[in-house]
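This report concerns only the one structure given below.
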Amino acid sequence: MNPTRGAPPNRSRVVEAHRLVRRAFAVAAGFGVTAAAWAVVVFIRGGSWWGPLHAFLAGVVLAAISGASQMFTITWSSAPAPPRRSSLAQGSALVVGVALVLVGVANGLDVATWVGAGLVVTSLALLGVNLLGIIRRSLLRRFDLSIRFYLLALACGTVGVTLGALLGTHTLTGDTYATARSVHLHLNIVGLIGLTIIGTIPTLLPTFAHRRAVSGREAVLGWRMSVVAALLIGGGLVGPLWLVGVGTLLVGVAAITMTVGIVVRLGRKGLTEALPYLHVVAGIGWLASWTVIDAAAVFTGSPLPPFSGWTGAAVVAGIGQVLLGSVAYLFPVAMGAPVTENLHRMGRWPVIPLVVANLTGIFLAAGFPGAAGAAGAVWLLDVVRRVVLVRKPIRDT
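Numbers given in the working numbering equal positions in the sequence shown, counted from 1, plus 318.
Right under this line is the structure:
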């Protein structure tokens, strides 16, 4: 039975938006279990961190981006949801594609890697089509700038994933391999994920404070810097590697500029939902710090290794905090009534996850993987506990 049949248009839109993000979070949780289990195996038996890192970034983070970006666009633009067949095709392509890439690269199956990468690129393209379709039918134009960030991020991801397939199948060798690996890492972390975060915070942080968007000129400045940054990072494929460093640093400056502007305007009102707000702000701080460290390493001719402690800190304490801060707010909202009670359950005692999350980042950056693993395990268990405590709705609201 279609739960939206006969419902008022606004109710149908909200129900579909929540359905999208719930499905995306379920997929992200599945890949999250895979990433955590894989990390435990690598920690105990040794081996490459490629698997856990890509299971988290390509599986968990991209699934969350797919669901959240569509939900944000539908909600903040007062627009209808995309057709279910379109969103289902996009989500399915992502799930199957990431799974094939993980299996293909880990087992040297080049065909699986190429097919998987092609499906991931297809999912990014379908996500772009869905977002454009939503915004074209919107009643409000306040989210147009964020859509530009999303589309730029998806373009970066398309190139980044393609480079990843070339790297995973060992099609590239020698100096070309090293250059492509650097550009691949930066297009995906700084471009795809970083620009998505930057494009969302002008509305996400005020939403935590139950306020309207409060960004000003810094948002337009951030957009212009981001466009230049994406071109510079991509230019590293054919030009000197310092272009990647400049582009990375520009994204860090854009993130800090926009975040500081929003935080100052919100003032103490931003602490309405302390856990989501502080997690996201702290995560952006970690990502911006990493861009400075990473750019400095590129400028000196000694780029950070792909699996360095600082890169791990950027992924776990940076992207991880932004992701889980968003989940701490969006999960109770998407689950439906009782929303206020569930937000309180998710955000209770925020000092615990904030301390262990940032300790995890500090230990990773300082080169203490054992201590980082212990702190990360405590953080993960705390997240699971909070999710389990959320009351399930009696009916779809």
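C-beta: ideal position from N, C-alpha, C; glycine also. Given the structure is predicted, the values throughout are model-derived calculations rather than measurements.
CA nearest to the CA of residue i, picked from the options
i, options, result
"VAL358", "LEU698, ARG703, GLU591", "LEU698"
"VAL581", "GLY665, GLY627, THR525", "THR525"
"LEU437", "VAL569, ARG663, PRO687, ALA376", "ALA376"
"HIS502", "HIS488, THR480, LEU523", "THR480"
"THR609", "LEU559, LEU539, GLY512", "GLY512"
"GLY552", "HIS528, LYS587, ARG663, ILE507", "ILE507"
"SER387", "ALA537, THR658, LEU677, LEU469", "LEU469"
"PRO370", "GLY554, SER396, VAL419, ARG337", "VAL419"
"LEU523", "SER330, THR494, ARG586", "ARG586"
Cβ shell of residue i (< 6 Å), same chain only, five flanking positions each side left out
i, result
"MET319", "Note that MET319 has pLDDT 35, beneath the 50 cutoff, so the model's placement of it is unreliable and the number below is only indicative. Hits under 6 Å: none found."
"ALA613", "GLY563, THR566, LEU567"
"LEU442", "LEU472, GLY475, THR476"
"GLY627", "LEU682, ALA683, GLY685"
"LEU661", "PRO650"
"PHE349", "ALA373, GLY377, VAL378"
"VAL351", "none"
Cβ-based neighbour list, residue i, same chain, cut-off 7 Å, excluding 5 preceding and 5 following
i, result
"LEU490", "LEU484, ALA498"
"PRO354", "Looking at the sequence provided, one finds Ala at residue 354 rather than Pro. Only LEU698 meet the Cβ criterion."
"VAL571", "MET543"
"ALA731", "The structure shown does not extend to residue 731, since the chain is modelled only from 319 through 715, so no value can be given for it."
Neighbourhood of residue i by C-beta, 8 Å cutoff - its chain only, sequence neighbours within 5 removed
i, result
"ASP700", "ILE670, PRO671, VAL674"
"ALA382", "ALA342, PHE343, ALA346, LEU641, SER644, VAL645"
"PHE467", "LEU513, THR514, ILE516, GLY517, THR518, TRP541, SER544"
"ARG663", "PRO650, ARG704, LEU707, VAL708, ARG709"
Delimiting residues of the alpha helix (DSSP H) encompassing residue i
i, result
"PRO687", "687 to 707"
"THR487", "Run containing THR487: none; DSSP gives neither H nor E here."
"GLY648", "Note that residue 648 corresponds to Leu in the displayed sequence, not to Gly. 638 to 653 is the extent of the alpha helix (DSSP H) around LEU648."
"PRO718", "Outside the shown range of the chain, which is 319 to 715, sits residue 718, and nothing can be said about it."
"HIS528", "Run containing HIS528: none; DSSP gives neither H nor E here."
"SER366", "Note, SER366: premise wrong, no alpha helix (DSSP H); not H, not E."
"ASN425", "402 to 425"
"SER500", "492 to 504"
"ARG666", "ARG666 -> no alpha helix (DSSP H), and no H or E assigned at all."
"LEU444", "428 to 454"
"GLY563", "560 to 584"
"ILE383", "380 to 395"
"ALA631", "627 to 631"
C-beta neighbour in chain B for residue i, strict 7 Å
i, result
"GLY570", "Looking at the structure shown, chain B is missing, and only one protein chain is on hand."
Is the number of C-beta pairs between the segment 622 to 639 and the segment 570 to 583 that are closer than 8 Å three or more?
By the Cβ test, the segment 622 to 639 is not in contact with the segment 570 to 583, since fewer than three Cβ pairs between them sit closer than 8 Å.
Three or more C-beta pairs under 8 Å: does that hold for the segment 584 to 596 against the segment 637 to 651?
Between the segment 584 to 596 and the segment 637 to 651 there are three or more C-beta pairs closer than 8 Å, enough to call the two in contact.
Measuring CB atoms only, is the segment 421 to 441 touching the segment 460 to 470, in the sense that at least three cross pairs come out at less than 8 Å?
Using a C-beta cut-off of 8 Å, the segment 421 to 441 makes no contact with the segment 460 to 470, since fewer than three inter-stretch Cβ pairs fall below that distance.
Mind the definition here: the segment 507 to 522 touches the segment 538 to 548 only if three or more C-beta pairs lie below 8 Å; say whether that holds.
Here the segment 507 to 522 lies against the segment 538 to 548, with 3 or more beta-carbon pairs under 8 Å apart.
Pair every Cβ in the segment 443 to 455 with every Cβ in the segment 403 to 419, then say whether three or more of these pairs are closer than 8 Å.
Taking a cut-off of 8 Å on C-beta distances, the segment 443 to 455 touches the segment 403 to 419, as three or more cross pairs fall below it.
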